[in-house]
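Asks:
In my numbering, the protein residues as written are 1089 to 1344.
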């Protein structure tokens, strides 16, 4: 005999679903309004298209991150990708766009503090001055177009019914595996990642050669670049596993 949940639980379930739908609808409206306003500003002022692409990337990634944190979905692939996109490909490009005069005026740093704290003495400005071919504005537009296209397609693909079915199938992987020591897995991942980084430093010629700078160093070209990056990523995987396990442990309640 089928039994339904008590009316109070049904109401809570429906209200929770409505609250989630209202949240997503509000975030979508806010993101769309921000993108429309940016498009209008670019159209009226004649600003570069890169600003519109930056607004699309920033508004979309920010909406996804806010939704994920309000729903406590911290470690989903979409949340991680959105957070990285917002910090590295929205906030950082905004800072570069606002400081474009410093970006195109590179000065050789006289001390390490200037290289780290001053944009006009940074390796980013040095790359623009010495390695960039062509004008800066088209380069920034192409870069932002690539980032925007990737993230929008990622969000759309993640939301499709096909992707939801694939996530359900993947989530069942490992459910029949016997319990294992998570601490050992974290230590193993960290050992592989840190070991790969040490090997890369050795192949690059030691710390002195590695710290010359991203433009002149060979540390990222040491050995097989793709394989070395694959091994280095294990340290990040270990940290993510550790964070997930630590956040999922129930809080200890003292005995009364």
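Note that the Cβ used here is the ideal one computed from N, Cα and C, for glycine as well.
Values in this document were obtained by computation on a predicted structure and should not be read as measured data.
(1) Do the CB positions of residue 1178 and residue 1146 come within less than 7 Å of each other?
(2) Look up residue 1241 in the DSSP assignment and say whether it is helix, strand or coil.
(3) How far does the alpha helix (DSSP H) with residue 1288 in it extend, from its first residue to its last?
(4) Cutting at 7 Å between CB atoms, please list the residues of its own chain near residue 1143, excluding the five before and the five after it.
(5) Does the contact criterion of 3 or more C-beta pairs under 8 Å hold for the stretch 1266 to 1281 versus the stretch 1164 to 1172?
(6) Do residue 1191 and residue 1216 have their C-beta atoms within less than 7 Å of each other?
(7) Under three-state DSSP, which class holds residue 1221?
(8) Is the Cβ-Cβ distance between residue 1141 and residue 1236 less than 7 Å?
(9) Using 8 Å as the cut-off, can you tell me whether the stretch 1179 to 1187 makes contact with the stretch 1158 to 1170, which would need three or more C-beta pairs spanning the two stretches below that distance?
(10) Going by the CB atoms, is the gap between residue 1323 and residue 1290 shorter than 7 Å?
(11) List the whole-angstrom C-beta distance separating residue 1108 from residue 1243, where the pair is believed to meet the contact cut-off of C-beta under 8 Å.
(12) Comparing alpha-carbon positions, which option in 1131, 1151, 1201, 1135 lies nearest residue 1116?
(13) Can you check which of these residues, 1246, 1285, 1138, is closest to residue 1226 by C-alpha distance?
(14) Identify, in the order they occur along the chain, each residue of the same chain with its Cβ nearer than 6 Å to the Cβ of residue 1317, setting aside the five sequence neighbours on each side.
(15) Looking only at C-alpha atoms, which of 1195, 1280, 1277, 1168 sits nearest to residue 1208?
Replies: The answer reads as follows:
(1) yes
(2) helix
(3) 1270 to 1292
(4) 1122, 1123, 1126
(5) no
(6) yes
(7) coil
(8) yes
(9) no
(10) no
(11) Wrong, their Cβ atoms sit about 17 Å apart, outside the cutoff.
(12) 1151
(13) 1138
(14) none
(15) 1195
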